[in-house]
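Count along the sequence shown starting at 1, add 13, and that's the number in this note's numbering.
No residue lacks a Cβ here, since even glycine has one placed at the ideal position from N, Cα and C.
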Amino acid sequence: MPQAPNRNKEPSFRESVDMMFNRAVALMDLSPGLEEKIRVCNATYTVRFGVRLRGTIHTFTGYRSVHSEHMEPVKGGIRYAMGVNQDEVEALAALMTYKCALVEAPFGGAKGGLRIDPREWEEHELEQITRRFAYELAKRDLIHPSQNVPAPDMGTGEREMAWIADQYRRMNTTDINAAACVTGKPLNAGGIQGRVEATGRGVQYALQEFFRHEEDKKAAGLEGKLEGKRVIVQGLGNVGYHAAKFLRDEDGAIIIGIIERDGALFDEKGLDVEAVHKWIASHGGVTGYPDATYHADGAATLEAACDILIPAALEGVINMSNADRIKAPLIIEAANGPVTAGADEILRDKGCVIIPDLYANAGGVTVSYFEWVKNLSHIRFGRMQRRQEETRHQLVVDELERLDRYLGDAWTMTPTFKEKYLRGADELELVRSGLDDTMRIAYQSMREVWHSREDVRDLRTAAYLVAIGKVAASYRAKGL
Ligand code: GLU
């Protein structure tokens with residue numbers, strides 16, 4: 014069993030997750046058998062399949078790992094990247110178990126991966142490869158509405174999810190719940206409003222909630238509001254882009270640094286996230302972007318002074334080799350596993366507050382949960398209530414208008430009130446409301462443990478304590 018981190022040796026991703034788990038269970042009163050049962054990964058399926066492309070057969074390696082089946086279906090994304098391997102997929106599957114437990118999404122944890130560089134293949138080739146991978150998984154029930162429900166992750170998105178859903182449907186023509194076999198689908202293929210932005214939106218809601226608590230800000234040496242806070246984002250992919258955009262446009266944070274594969278952009282006065290995003294889409298990187306200082310050594314920008322650092326790219330980017338030099342007093346882990354267990358110790362000793370991945374990026378799976386429920390109920394959220402809500406609101410507005418006439422100049426209704434109040438919530442508003450509520454409640458459950466227990470010094474340990482407690486309770490309820 015992995016022990017406390019050895020400061021000379023960087024643990025693997027899975028060892029890192031296990032160490033964080035071990036640190037938390039050491040503070041719990043679980044039977045050793047149950048502890049082991051929760052920690053281990055139940056099963057990892059490896060598949061190698063060939064696809065005839067460009068005149069030859071190419072062999073691909075894929076994985077689907079199931080960490081815990083205390084609740085089913087199990088849930089977790091499918092990642093397309095060259096670095097995919099069993100250790101990584103298992104670490105990510107374990108994180109999914111704890112993540113789902115923490116935000117009360119009724120799933121066990123899973124993760125999948127395909128070792129492929131998606132940029133090397135044409136769209137029709139990627140479709141063939143994805144359909145074949147989906148076929149291999151679906152025929153073993155590793156894609157299934159009630160057993161195993163994938164979602165997007167790094168290198169995959171709505172397009173791949175639509176192919177997977179269609180492949181499953183072809184193989185299960187009479188399954189009325191087929192659409193619920195995968196989440197993160199496009200809207201016209203059974204998806205839900207707000208899923209694409211969900212993880213970034215969740216990061217925003219997490220920070221908003223953090224900034225509501227004076228004690229927590231004080232722990233990081235911060236004060237005031239999110240407005241004006243200097244933020245550095247690593248990775249302007251789906252998660253980093255949405256988080257940066259919402260924090261800048263809606264909360265008034267200043268995005269002073271954006272780190273990408275080919276370097277970093279820096280501007281103390283603030284970067285235009287939308288413009289940088291467009292530049293990356295058309296130029297393949299940040300190099301050459303005209304309105305900022307460019308640093309070829311992107312990783313060095315992680316160490317620049319700022320108020321909030323948002324690693325939203327790969328795992329292990331903050332490790333024992335650079336943790337000492339990180340200046341951010343607050344790190345929010347938008348990516349999975351960006352801080353290794355070793356770096357976590359170093360940062361904690363320095364007084365840095367880390368909002369951990371299993372909480373910070375749970376917005377994605379939370380909205381996936383809403384999508385899955387929508388698919389199973391076969392009805393869009395808000396379809397029944399919206400007009401009824403509007404009719405009831407109209408009654409109030411009619412009365413207020415009467416009062417307005419009666420009081421003359423003494424009182425008038427705020428001009429925008431009527432329009433805002435009358436409108437019943439649509440699906441997007443309901444999704445955002447459900448996500449905001451989830452992020453607030455989960456944060457409060459973590460901070461309560463953080464502040465009430467002397468032996469809990471950080472939010473990560475608190476998050477694991479809450480999550481493991483829930484998984485353990487569900488195993489006990491099963492009689493284990
Ligand atoms: N891949 C995402 C994650 O790591 C989303 C998983 C899901 O929606 O099931 O949380």
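What distance in whole Å lies between the Cβ atoms of Pro324 and Gln247, which are believed to be in contact at a cut-off of 8 Å? Indexing the sequence shown from 1 puts residue 247 at position 234. Indexing the sequence shown from 1 puts residue 324 at position 311. 5 Å between Cβ atoms; contact.
Considering only the beta carbon of each residue, do Arg128 and Phe73 sit closer than 8 Å? The count along the sequence shown starts at 1 and reaches residue 128 at position 115. The count along the sequence shown starts at 1 and reaches residue 73 at position 60. Yes. Within cutoff.
Is the closest heavy atom of the ligand FAD to the C-beta of Asp166 under 7 Å? The ligand FAD is absent from the structure shown, which contains only the ligand GLU.
Going by CA-CA distance only, name the one from Leu108, Ala114, Gly122 and His71 that's closest to Glu133. Taking the first residue of the sequence shown as position 1, residue 133 is located at position 120. With distances taken between Cα atoms, Glu133 lies closest to His71.
What separation, rounded to the nearest whole angstrom, lies between the Cα atoms of Glu316 and His391? Sequence index remark: in the sequence shown, residue 316 carries index 303 (1-based). Sequence index remark: in the sequence shown, residue 391 carries index 378 (1-based). One C-alpha to the other measures close to 48 Å.
Does at least one heavy atom of the ligand GLU sit under 7 Å from the Cβ of Ala110? Counting from one through the sequence shown, the residue named residue 110 turns up at place 97. Note on residue identity: the sequence assigns Thr, not Ala, to residue 110. No.
Pick helix, strand or coil for Thr59, following the three-state DSSP scheme. One-based indexing of the sequence shown puts residue 59 at position 46. In the structure shown, Thr59 adopts extended strand secondary structure according to DSSP, grouped into three states.
Nearest-angstrom Cα separation, counted from Leu408 out to Val378: Residue mapping note: residue 378 aligns to position 365 of the sequence shown, counting from 1. Residue mapping note: residue 408 aligns to position 395 of the sequence shown, counting from 1. Taking the straight line from one Cα to the other gives about 38 Å.
Do Ser78 and Ala118 have their CB atoms nearer than 8 Å? Taking the sequence shown and counting its residues from 1, one reaches residue 78 at position 65. Taking the sequence shown and counting its residues from 1, one reaches residue 118 at position 105. In this structure, Ala118 does not lie closer than 8 Å to Ser78 by Cβ.
Cross-strand partners of Phe279 (DSSP beta bridge): To locate residue 279, count along the sequence shown from 1; it is residue 266. Beta-bridge pairing links Phe279 to Gly270 and Thr306.
Helix, strand or coil: how does DSSP classify Asn335 here? Reading the sequence shown from its first residue, position 322 is the one you call residue 335. Three-state result, Asn335: coil.
Can you tell me whether DSSP reads Phe224 as helix, strand or coil? Translated into the one-based positions of the sequence shown, residue 224 becomes position 211. Phe224: coil per DSSP, three-state reduction.
Just the C-alpha distance for Gly376 and Gly421, rounded to the nearest angstrom, thanks. Along the sequence shown, one-based indexing puts residue 376 at 363. Along the sequence shown, one-based indexing puts residue 421 at 408. When rounded, the distance between both Cα atoms is 47 Å.
Counting only the same chain and skipping the five closest in sequence on each side, list residues whose C-beta sits under 7 Å from that of Arg182. The residue you call residue 182 lines up with position 169 of the sequence shown. Excluding sequence neighbours, Arg182 sits near Ala191.
Taking 7 Å as the limit between beta carbons, can you name the residues of its chain near Val410, skipping five residues before and five after? Here residue 410 corresponds to residue number 397 of the sequence shown, with the count starting at 1. Around Val410: Lys431, Tyr434 and Leu435.
Whole-angstrom C-beta distance between Val299 and Leu278, which should lie under 8 Å: Within the sequence shown, the letter at position 265 stands for residue 278. Within the sequence shown, the letter at position 286 stands for residue 299. That pair is a contact at about 5 Å.
Counterpart residues of Phe73 in DSSP-defined beta bridges: By 1-based counting over the sequence shown, the position of residue 73 is 60. Paired residues: Phe62.
Alpha carbon to alpha carbon, how far is Arg153 from Asp310? Give it in angstroms, no decimals. Residue 310 sits at position 297 when you count from the first residue of the sequence shown. Residue 153 sits at position 140 when you count from the first residue of the sequence shown. If you draw a straight line from the Cα of Asp310 to the Cα of Arg153, it is about 45 Å long.
What did DSSP end up calling Pro369 once you bin it into helix, strand or coil? Your numbering for residue 369 matches position 356 in the sequence shown. Per DSSP, reduced to three states, the secondary structure at Pro369 is coil, with no helix or strand assignment.
With a threshold of 7 Å, establish whether the CB of Lys508 neighbours any heavy atom of the ligand GLU. In this structure the chain extends from 14 to 493, so residue 508 is not present and cannot be described.
Would you say Gly126 and Ile91 are within 8 Å of each other, going by their C-beta atoms? Within the sequence shown, the letter at position 113 stands for residue 126. Within the sequence shown, the letter at position 78 stands for residue 91. Yes.
At a threshold of 7 Å, does Asn388 count as lining the ligand GLU (C-beta to nearest heavy atom)? Here residue 388 refers to the residue found at position 375 when the sequence shown is read from its first residue. Not under cutoff, so the answer is no.
Collapsed DSSP secondary structure at Ile205 in the structure displayed: Taking the first residue of the sequence shown as 1, we reach residue 205 at position 192. In this structure, DSSP gives Ile205 a state outside helix and strand, which the three-state scheme calls coil.
List the endpoints of the continuous beta strand (DSSP E) containing Ala313. As a first step, residue 313 must be located in the sequence shown, where it is residue number 300. Boundaries for Ala313: no beta strand (DSSP E) harbours it, while the alpha helix (DSSP H) harbouring it runs Gly311 to Thr314, taken from the DSSP string.
Could you tell me whether the Cβ atoms of Leu284 and Ala305 are closer together than 8 Å? Here the question's residue 284 lines up with position 271 in the sequence shown. Here the question's residue 305 lines up with position 292 in the sequence shown. Their beta carbons are under 8 Å apart, which means Leu284 touches Ala305 by this criterion.
Starting from Gly170, trace the alpha helix (DSSP H) in both directions and tell me its first and last residue. Translated into positions along the sequence shown, residue 170 becomes position 157. Judged by DSSP secondary structure, Gly170 falls outside any alpha helix (DSSP H); it is assigned neither H nor E.
Does the ligand GLU have even one heavy atom less than 7 Å from the beta-carbon of Lys88? Locating residue 88 in the sequence shown gives position 75, where the first residue counts as 1. Lys88 Cβ: within cutoff of the ligand GLU.
Three or more C-beta pairs closer than 8 Å, one from the region 92-105 and one from the region 355-372: is that the case here? Touching, no.
Evaluate Gly46 with the Cβ neighbour count: other Cβ atoms within 10 Å of its Cβ, from every protein chain shown; 16 or more gives buried, anything less gives exposed. For this step, residue 46 is matched to residue 33 along the sequence shown. It counts as exposed.
By the 10 Å Cβ neighbour count, where 16 or more other Cβ atoms means buried, how is Ile189 classified, buried or exposed? Translated into positions along the sequence shown, residue 189 becomes position 176. For Ile189, the number of other beta carbons within 10 angstroms of its own is below 16, and it is reported as exposed.
Under 7 Å from any heavy atom of the ligand GLU, does the C-beta of Leu35 make it? In the sequence shown, residue 35 corresponds to position 22, counting from 1. Note on identity: in this sequence residue 35 is Asn, with Leu being the wrong assignment. No, the beta carbon of Asn35 sits no closer than 7 Å to any heavy atom of the ligand GLU.
Do Gly215 and Leu448 have their C-beta atoms closer together than 8 Å? Within the sequence shown, numbered from 1, the residue matching residue 215 stands at position 202. Within the sequence shown, numbered from 1, the residue matching residue 448 stands at position 435. The answer is yes: Cβ separation under 8 Å.
Helix or strand or just coil, what does DSSP make of Val380? Taking the sequence shown and counting its residues from 1, one reaches residue 380 at position 367. Here Val380 sits in helix by DSSP.
Under 8 Å between C-beta atoms of Gln217 and Leu249: Here the question's residue 217 lines up with position 204 in the sequence shown. Here the question's residue 249 lines up with position 236 in the sequence shown. In terms of Cβ geometry, Gln217 and Leu249 do not form a close pair [threshold 8 Å].
Tell me the rounded alpha-carbon separation between Thr187 and Thr57. In the sequence shown, counting from the first residue as 1, residue 187 sits at position 174. In the sequence shown, counting from the first residue as 1, residue 57 sits at position 44. Distance between the alpha carbons of Thr187 and Thr57: 29 Å.
In or out: Arg418 buried (at least 16 other Cβ within 10 Å) or exposed? Taking the first residue of the sequence shown as 1, we reach residue 418 at position 405. Per the 10 Å Cβ criterion, exposed.
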